[in-house]
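Here the structure comes first, spelled out in structure tokens, and everything after it is commentary.
In this note's numbering, the protein residues as written are 3 to 470.
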């Protein structure tokens with residue numbers, strides 16, 4: 003009997019075996035914990051639908067930039083028109099009124115001569131059929147608004163690129179935290195199930211002691227009640243594991259109930275030493291690397307370029323145009339059909355009711371608002387960084403305390419188990435010792451993964467590629 007409790011007193015060892023034997027998860031992964039998490043992050047960055055949507059937004063911003071740059075390239079188009087006309091306005095040419103009096107006078111002066119009598123002449127303004135085919139080339143020469151529009155699109159693309167990178171980093175952080183949450187829930191379930199094994203053995207031993215007349219019936223009932231209470235806690239732990247697994251699969255774009263490999267390293271309480279840089283160094287890194295700040299900087303530049311574009315609409319526009327083609331009733335080349343026209347077109351805006359000025363004002367106010375957002379975001383980054391650093395320090399301190407608590411509670415439970423085996427301890431005292439040991443293991447598990455989670459949060463807050 004003493005040997006039976008010697009194998010179950012150390013709840014952590016039993017919990018590891020339970021965690022690895024669960025039929026709801028994939029086989030254990032023997033790689034180090036960081037390698038397992040990095041592999042999941044890489045998988046998520048390739049498959050996540052949200053990141054794919056961000057990439058589409060970036061591609062769209064790139065297409066808008068190409069469109070803006072194309073405005074300065076030569077624009078060539080073919081124009082062709084063929085017309086058939088019936089009716090329409092006609093013009094009377096007073097040839098008879100002009101020449102018949104002259105001919106009459108000449109007839110009198112030269113009786114032997116014969117001069118004609120003319121009729122009035124009428125012709126249509128439009129040809130009965132006509133075609134006009136030309137190749138037109140246009141090139142901007144001076145267009146301030148178009149140049150500003152290119153700068154705006156460049157800034158908008160830079161803003162979207164920063165937004166995509168920020169989403170990528172947030173996703174990597176969330177995948178890490180989700181895996182740690184799932185591992186914590188799995189380890190917690192293992193601890194609860196190990197405690198159930200201990201309490202089940204306690205029921206058996208209590209019944210044996212009762213049968214031998216060493217304890218009263220109430221101790222057996224108390225042991226059974228405690229075991230049933232822990233069964234309820236196990237049900238909640240199983241649900242928590244399933245919820246954490248589904249969320250991790252959601253981030254990875256896997257089937258929600260797909261099995262996940264449990265890292266063996268995640269079952270080991272030991273954590274690597276963490277060397278924390280100074281606050282000033284972390285702040286400098288964060289202000290240089292946080293993508294939210296880059297995104298807002300680019301958004302300010304885009305708003306300033308939009309203001310310049312609105313201002314450029316009030317300036318003259320100069321372009322060159324060359325038209326080469328053929329005209330006439332038939333499609334023919336040669337003299338009388340070929341045509342070539344070269345033009346310089348100057349457009350000077352005079353009045354538009356204040357619309358351009360209003361657009362300029364809107365862009366200026368938008369830029370001012372974005373500058374305020376940028377200043378607020380910088381303060382938020384500083385606050386988030388300090389909070390993450392302090393939370394990691396607190397988690398490390400709590401982890402050290404939890405380890406000491408586990409060692410003390412394990413020894414107390416070992417002593418209580420020996421006393422219970424000989425019937426020299428009450429059921430209340432034994433259950434209290436077991437509960438203290440179990441809660442200490444759960445607390446250590448909580449603090450261990452809390453350290454890992456706080457490391458991931460600090461890495462994101464300080465714009466680090468990998469946790470400290």
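Idealized CB from N, CA, C, for every residue including glycine.
Quick one: using the 10 Å Cβ neighbour count with 16 as the cut-off for buried, is residue 340 buried or exposed?
exposed
Residues of its chain near residue 461, where Cβ-Cβ distance is below 8 angstroms and the 5 sequence neighbours each way are ignored:
175, 467, 468, 469, 470
Looking at residue 287: is its Cβ nearer than 7 angstroms to the Cβ of residue 410?
no
Classify residue 93: buried if its beta carbon has 16 or more other beta carbons within 10 angstroms, exposed otherwise.
exposed
In this structure, does DSSP put residue 61 in helix, strand or coil?
helix
Relative to the C-alpha of residue 48, which residue among 379, 231, 171 is closest?
171
Could you tell me the distance, in whole angstroms, from the CA atom of residue 75 to the CA atom of residue 311?
18 angstroms
My output table needs one value for residue 251: the three-state DSSP class, helix, strand or coil.
helix
Buried or exposed: where does residue 204 fall if 16 or more other Cβ atoms within 10 Å of its Cβ makes it buried?
buried
What's the gap between the Cα of residue 346 and the Cα of residue 335?
26 angstroms
Straight-line Cα distance separating residue 83 from residue 137
12 angstroms
Helix, strand or coil, according to DSSP, for residue 97 in the structure here?
helix
Have a look at the DSSP bridge pairing and note the partners of residue 85.
132
Any heavy atom of the ligand COA within a distance shorter than 6 angstroms of the CB on residue 387?
Because no ligand of any kind appears in the structure shown, any question about the ligand COA cannot be addressed here.
Judging by CA-CA distance, which residue of 155, 98, 121, 178 is the nearest neighbour of residue 458?
178
Have a look at the DSSP bridge pairing and note the partners of residue 471.
Since the displayed the chain opens at 3 and closes at 470, residue 471 lies outside it and no answer follows.
Residue 322 - partner residues in DSSP beta bridges:
141, 346
At 4 residues or longer, what runs of the alpha helix (DSSP H) sit wholly inside the region 187 to 270?
219 to 254
In this structure, what does DSSP give as the bridge partners for residue 126?
92
For the alpha helix (DSSP H) containing residue 401, name the first residue and the last one.
357 to 423
My output table needs one value for residue 78: the three-state DSSP class, helix, strand or coil.
strand
State buried or exposed for residue 215, treating a residue as buried only when at least 16 other CB atoms are found within 10 Å of its CB.
exposed
For the region 433 to 445 against the region 403 to 422, do three or more pairs of beta-carbon atoms, one drawn from each stretch, fall closer than 8 angstroms, so that the two count as touching?
yes
Helix, strand or coil: how does DSSP classify residue 119 here?
coil
Tell me whether residue 105 sits in a helix, a strand or coil according to DSSP, three-state version.
helix
CB residue 449 to CB residue 389, shorter than 7 angstroms?
no
So what's residue 146 in DSSP terms, helix, strand or just coil?
helix
Residue closest to residue 77, alpha-carbon to alpha-carbon, out of 447, 197, 140, 323:
140
For residue 467, which three-state DSSP category applies?
coil
Take residue 375 and list the residues in its own chain whose beta-carbon comes closer than 7 angstroms to its own, dropping the five residues that flank it on each side.
298
Below 7 angstroms between beta carbons: does that hold for residue 183 and residue 239?
no
I'd like to know if the region 108 to 119 and the region 280 to 295 are in contact, where contact means that at least 3 CB-CB pairs between them fall below 8 angstroms.
no
For the region 306 to 323 and the region 142 to 156, state whether three or more C-beta atom pairs, one from each stretch, are separated by less than 8 angstroms.
yes
Buried or exposed by the 16-neighbour rule on C-beta atoms within 10 Å, applied to residue 26:
At residue 26 the pLDDT is 44, less than 50, meaning the model places this residue with poor confidence; the figure from the coordinates comes in the next sentence. Label assigned to residue 26: exposed.
With a threshold of 16 other CB atoms inside 10 Å of the CB of residue 357, please say whether the residue is buried or exposed.
exposed
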